[in-house]
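The structure appears right after this line, and notes come after that.
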Amino acid sequence: MLDQIVIDRLASAPIAPQEHLINGVRVSAEQRLDVVSPIDGKVITSIADASTADVDRAVAAARAAYAKGTWSRSAPAFRKQVLQRLADLIEEHALELAVLGVRDNGTEISMAYKAEPLSAAGSFRYYAEAIDKIYDQIAPTSPDVLALIHREPLGVVGAIVPWNFPLMIGAWKIAPALAAGNCVVLKPAEIASLSLLRLGELALEAGLPPGVFNIVTGRGTTAGKALGLHMDVDALAFTGSGPVGRKLLEYSAQSNIKRVFLELGGKSPNVVFDDVADIDRAVKVSAAGIFRNSGQVCVAGSRLIVQEGIYDAFMEKLVAATGKMKVGNPLDLASDIGAVASADQLQKDLSFVETAQAEGGTVVTGGAQVNAESGGFYMAPTIVADVTPDMTLSREEVFGPVLAVTRFKTAEDAVRIANSTVYGLASAVWTSSLPTAHSMVRAINAGIVHVNTYGGSDMTVPLGGFKQSGFGRDKSLHALDKYTDLKTAWIDLK
Ligand code: NAD
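Anchor point for the sequence shown: position 282 equals 281 in numbering that gives the first Met the number 0, and the numbering is continuous, going up by one each time.
Spelled out as structure tokens, the structure:
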């Protein structure tokens with residue numbers, strides 16, 4: 000049970016200026032970036048802004064640690080023990096980590112607590128448990144040969160992550176990469192580095208050898224680019240926007256052809272058929288599926304596609320449910336929706352609403368900044384009706400609390416509209432017909448199709464996109480494929 004008094008106490012603690020974490024020690028940088036809290040727009044601390052030389056230093060530390068072998072060639076049972084200890088420490092410090100993250104990126108604490116430290120601990124535990132249960136293989140060759148198929152770590156893995164769920168998304172990459180025996184250099188988003196830096200300290204406390212997990216903070220255009228272009232980084236795991244994903248593919252081609260895994264954006268369709276069994280539940284879950292964390296969720300159900308027979312009733316209930324969602328200080332347990340992560344993001348969200356109106360959309364609720372007197376960045380949950388598939392709001396990811404609503408007649412229309420974007424990350428279908436549900440699961444081009452819910456998931460299932468939502472999956476045992484290579488040993492027995 001979260002306690003408001005404890006949250007308030009943690010939230011008032013000063014935050015020391017933050018440095019990189021390289022080879023197990025804090026390393027300062029010449030350049031610095033202010034950290035502005037979206038809660039009130041105030042500067043709460045500063046982080047190091049990495050130069051190319053800082054990134055070189057972190058990669059060199061990771062390479063040296065890899066070559067030393069104390070981690071990369073250790074028994075899986077040892078790695079399991081250390082990563083389990085790290086999961087324990089994350090759980091012990093869960094509220095501290097959650098509050099630190101919320102002060103940095105504005106996610107409402109009720110969501111951040113579960114989705115950030117607790118979920119990150121779950122990732123470390125899952126891959127810790129998995130790693131001593133995966134066997135190599137013997138190939139079915141002729142008897143005069145013994146052919147062994149080994150899985151080996153790749154070496155140095157770079158990870159670049161976004162600001163919306165830094166701990167959770169970071170752990171989806173760091174945990175399987177470390178479990179497989181790699182060494183990691185992480186570059187958090189410049190506006191959400193604090194909780195990941197604390198995670199780095201906890202990793203050392205858990206017994207991770209120095210240099211195995213390094214963190215460089217700073218701008219994407221310098222630190223991220225340097226990591227992407229680095230000749231000694233073997234793989235790059237990225238979550239973020241499409242344009243930056245494209246750049247990382249170019250950097251790979253311009254440097255050492257490092258493998259690149261991209262988890263990019265989405266414009267996920269949430270399709271409601273006339274025969275939805277429980278309209279009230281569908282309304283409640285759909286509202287949460289777009290508006291929690293101010294819509295800054297890669298899998299947010301940002302396109303609501305409703306069949307004409309139920310359209311009016313659904314919209315009436317949805318507007319009422321949205322109006323009841325309280326936007327406010329993300330550290331207040333009473334807030335359903337916290338702050339937008341930055342002033343720039345807020346302006347971007349508002350301009351999407353303006354464009355939608357200019358193109359023929361109708362704002363039925365929200366559409367404006369709220370709580371401006373706090374100095375922070377808050378936006379009312381916004382529903383835009385009369386949106387057609389050719390409109391900007393249907394095609395481009397907002398990454399804010401803005402829902403586009405479109406009406407449909409037949410299941411064929413629903414499929415055409417659902418598949419009409421370049422994205423293919425998540426989706427949902429609400430129906431009481433099993434045949435309709437099955438045919439929609441097959442027809443929708445997306446990495447996830449929810450049926451009669453939105454957003455359900457756990458560590459056992461892969462997460463990632465089709466089409467321009469990227470490639471390479473986070474979570475589940477499949478993620479380990481990204482961080483290991485196959486080696487064949489062909490042994491002549493004649
Ligand atoms: P972003 O692409 O702007 O930044 C992501 C990271 O890339 C940051 O760490 C940033 O510093 C870095 N970066 C920026 N420019 C770079 C460059 N030239 N070279 C290397 N690195 C660079 O994304 P964001 O604004 O932080 O996050 C929002 C985006 O992330 C949205 O598009 C959202 O859909 C996506 N996202 C996807 C998932 C998923 O799992 N598919 C999850 C969360 C967020």
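Heads up, the beta-carbon is just placed ideally off N, CA and C, and yes, glycines get one too.
What residue from the options has the CA that sits closest to residue i's CA?
i: Thr51; options: Met230, Leu462, Val440; result: Met230
i: Lys132; options: Ile214, Ala178, Pro161; result: Ala178
i: Ala333; options: Glu358, Thr106, Thr381; result: Thr106
i: Gly219; options: Pro400, Lys67, Ala47, Gly68; result: Ala47
i: Asp33; options: Gln306, Ser341, Glu91, Arg472; result: Ser341
i: Val24; options: Asp7, Phe272, Gly157, Asn213; result: Asn213
i: Lys186; options: Thr452, Glu262, Asp473, Leu226; result: Leu226
i: Gln306; options: Ser293, Asn328, Gly294, Pro268; result: Pro268
i: Tyr65; options: Gly180, Glu90, Phe260; result: Gly180
i: Asp389; options: Val363, Gly399, Ala442, Thr354; result: Thr354
i: Ile447; options: Ile38, Ala425, Arg258, Leu117; result: Ala425
i: Ala312; options: Val339, Arg291, Asp279; result: Asp279
i: Thr321; options: Thr364, Gly337, Ile304, Lys486; result: Thr364
i: Gly264; options: Gly464, Pro175, Asp135; result: Gly464
Please classify residue i as buried or exposed, where buried requires at least 16 other C-beta atoms within 10 Å of its C-beta.
i: Asp491; result: exposed
i: Asn255; result: exposed
i: Ser122; result: buried
i: Ile137; result: exposed
i: Ile416; result: buried
i: Ile4; result: exposed
i: Glu372; result: exposed
i: Tyr377; result: buried
i: Gly455; result: exposed
i: Trp489; result: exposed
i: Leu330; result: buried
i: Val42; result: exposed
i: Leu485; result: exposed
i: Ala15; result: exposed
Is residue i near the ligand NAD, with its Cβ less than 8 Å from a heavy atom?
i: Asn163; result: yes
i: Ser393; result: no
i: Gly23; result: no
i: Val160; result: yes
i: Ile173; result: no
i: Glu115; result: no
i: Asp473; result: yes
i: Lys41; result: no
i: Lys466; result: no
i: Arg72; result: no
i: Pro268; result: no
i: Thr220; result: yes
i: Gly264; result: yes
i: Pro187; result: yes
i: Phe290; result: no
i: Pro242; result: yes
i: Leu247; result: yes
i: Gly239; result: yes
i: Lys224; result: yes
i: Ile168; result: yes
i: Glu396; result: yes
Along the chain, where does the beta strand (DSSP E) containing residue i start, and where does it finish?
i: Ser438; result: Not the beta strand (DSSP E): Ser438 falls in the alpha helix (DSSP H), residues 433–442.
i: Glu151; result: 144–152
i: Gln306; result: 302–306
i: Val282; result: Careful: Val282 lies outside any beta strand (DSSP E), inside the alpha helix (DSSP H) at 278–290.
From the beta carbon of residue i, is the nearest beta carbon of chain C less than 9 Å away?
i: Val363; result: The structure shown contains no chain C, having only a single protein chain.
Starting from residue i, trace the alpha helix (DSSP H) both ways and give me its first and last residue.
i: Leu88; result: 75–91
i: Gly244; result: 241–253
Check your understanding: Where are the alpha helix (DSSP H) runs, 4 residues long or more, that stay fully inside the stretch 167–233, in chain order?
Key -> Here the runs fully enclosed are 193–205, 224–228.
Which runs of the beta strand (DSSP E), 3 residues or longer, sit entirely within the stretch 4–57?
List check, beta strand (DSSP E) in window: 19–21, 24–26, 30–35, 42–48.
Any chance you could list the alpha helix (DSSP H) runs of at least 4 consecutive residues sitting entirely within the stretch 362–445, in chain order? As far as the stretch 362–445 is concerned, its whole alpha helix (DSSP H) runs of at least 4 residues are 391–394, 410–417, 433–442.
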